[in-house]
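Numbering (the numbering used here), first residue to last: 3 to 492. Just so it is clear, CB atoms sit at the ideal spot from N, CA and C, and this is done for glycine as well. To start, the structure itself, in structure tokens.
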């Protein structure tokens, strides 16, 4: 596996030098020798499979593992020991769960033993499936016999006289298209009806070419970034070497980058798309991280062959990222502005994580040089608080202002002697009787200074207060002077 960090760490590119010019051999995807047994063993009871991440099944219990007629020394790499015995018409062995998703040009090989001279390869069928329901035949292309090889040929040259024994069958990719899938099924079926129709198989081998792979590891698809974020693009390349023109020229091809963000790289005359060989990839790595302006960006990376020819199957990966300037939420005060009769405590908050709140208490507009809010503000006299929230690389909030008036009693109530005014009962529920001399107007004022009752007055007046809310009220009598007295409505 090769992982290169474009625009970030230059030395990561250097080790690619050691990967150039290396011939790629086909890799083993699946290999099964069926292990060792001490007696005939049913497939479902066997515990010595080479491959443990696949599932084996058979048409009937008579299809089992045998020790007899071993493949030992019958062809190159023959394992000997256990082999699969299929001795009736339409007897089959099935393998499920082979992962070929990273491979193409698949070739299947296996050891095959026939027990009847007249049997041909037409009496044996190999198939694949991707769902276990729909099957496609795999065509044998070549066979060998003996170790060292004494006979070999194509299926139409398969011997039918003095020909019992082991063969090594190859089903080449040139004649078959075994698919790329994460769940490949293989099935081996004995079709022979007459005579000694015994068939055995051993040493199943599936090989293929690794498919070149490319992926953007970071940022993640759908990432939301700010204009201040340093963006590092990590690109993972596997089974592919970037082209180098140094003698002798070598490598598989180029990394193709397609994105609007390329125009923000500090590289003269850069184009979109941009093709990276080994040298240009190293140059990009030297630029380190980058920042991007607000916008939506699609990034696609692809591996292409020499002369910019696309690979088959394609090796490509795309992501989308957003660069958005956050808008800081407006400050919020814990207490509504207004008039209060006792000192208050005001807290200021913003829902934007990481934002700093600046404030003033003299009515001026706050900025980054103003007081930084760190604790609740004590309001013990009339005060105008203005606050703004700021965050780096974000749009500053609106300035929010609140004015708080602190008064021991409502401002509309004058403080005068109350000895000449009598209110009864006090506290009262429904009716109060006010007695006083020398006044011609009566008002009832609530604790906020609002007049809730007003009428003429001569010495004595009874007032219905049943509709007033419970609380503290003030009777205010006006004449040549004004006096007030408190009463309580229950």
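Can you name the residues that DSSP bridges to residue i?
i, result
"residue 322", "300"
"residue 147", "153"
"residue 284", "Note: residue 284 sits in no beta bridge, so no partner."
"residue 435", "426 and 464"
"residue 379", "348"
"residue 492", "Its beta-bridge partners do not exist; DSSP assigns none."
"residue 476", "447 and 488"
"residue 258", "277 and 304"
"residue 129", "139 and 189"
"residue 204", "113"
"residue 452", "According to DSSP, residue 452 bridges with nothing at all."
"residue 227", "325"
"residue 343", "According to DSSP, which records beta bridges pairwise, residue 343 is partnered with nothing at all."
"residue 390", "360"
Assign residue i to buried or exposed, taking buried as 16 or more other Cβ atoms, counted over all protein chains shown, within 10 Å of its Cβ.
i, result
"residue 40", "exposed"
"residue 230", "exposed"
"residue 184", "exposed"
"residue 413", "The pLDDT assigned to residue 413 is 45, lower than 50, so where the model puts this residue is not dependable; a value taken from the coordinates is nonetheless given after this. Exposed, since its Cβ has fewer than 16 Cβ neighbours within 10 Å."
"residue 91", "exposed"
"residue 9", "Any reading at residue 9 must be qualified, since the residue scores a pLDDT of 42, below 50, and its modelled position is unreliable; the value itself is stated next. Buried: at least 16 other Cβ atoms inside 10 Å."
"residue 139", "exposed"
"residue 248", "exposed"
"residue 96", "buried"
"residue 383", "exposed"
"residue 282", "buried"
"residue 479", "buried"
"residue 55", "exposed"
"residue 1", "With the chain covering 3 to 492 only, the question about residue 1 has no answer from this structure."
"residue 426", "exposed"
"residue 439", "exposed"
"residue 486", "buried"
"residue 116", "buried"
"residue 108", "buried"
"residue 205", "buried"
"residue 251", "exposed"
"residue 297", "exposed"
"residue 446", "buried"
"residue 456", "exposed"
With residue i and residue j assumed to form a contact (beta carbons below 8 angstroms), what rounded beta-carbon distance in angstroms separates them?
i, j, result
"residue 302", "residue 314", "Not confirmed; about 17 angstroms, so no contact."
"residue 112", "residue 171", "6 angstroms"
"residue 352", "residue 396", "At roughly 11 angstroms, the Cβ-Cβ gap does not stay under 8 angstroms, so residue 352 and residue 396 are not in contact."
"residue 190", "residue 128", "6 angstroms"
"residue 131", "residue 94", "No, residue 131 and residue 94 are not in contact; Cβ-Cβ is about 12 angstroms, not under 8 angstroms."
"residue 114", "residue 147", "Rounded, the Cβ-Cβ distance is 10 angstroms, inconsistent with contact."
"residue 347", "residue 378", "5 angstroms"
"residue 494", "residue 141", "The question about residue 494 has no answer here: the residues shown for the chain are numbered 3 through 492."
"residue 399", "residue 332", "5 angstroms"
"residue 238", "residue 259", "Not a contact, Cβ separation roughly 14 angstroms."
Answer yes or no: does any C-beta atom of chain C fall closer than 7 angstroms to that of residue i?
i, result
"residue 127", "The chain inventory of the structure shown lacks chain C, comprising one protein chain alone."
State yes or no: is the C-beta of residue i within less than 7 angstroms of the C-beta of residue j?
i, j, result
"residue 35", "residue 52", "yes"
"residue 471", "residue 433", "no"
"residue 186", "residue 125", "no"
"residue 244", "residue 279", "yes"
"residue 75", "residue 213", "no"
"residue 293", "residue 182", "no"
"residue 464", "residue 435", "yes"
"residue 119", "residue 166", "yes"
"residue 405", "residue 431", "no"
"residue 272", "residue 264", "yes"
"residue 240", "residue 277", "no"
"residue 326", "residue 226", "yes"
"residue 362", "residue 324", "no"
3 or more residues per run - each beta strand (DSSP E) lying fully within the segment 160-187: 167-173
| request: Starting from the N-terminal side, write out each stretch of the beta strand (DSSP E) that is 3 residues or longer and does not extend beyond the segment 16-96. | output: 29-34, 57-60, 66-68 and 85-88
- At what residue ranges does the segment 97-123 contain a whole run of the alpha helix (DSSP H), taking only runs of 4 or more? none
**Asked** Which full runs of the beta strand (DSSP E) of 3+ residues lie inside the segment 350-374, going along the chain?
**Response** 358-362
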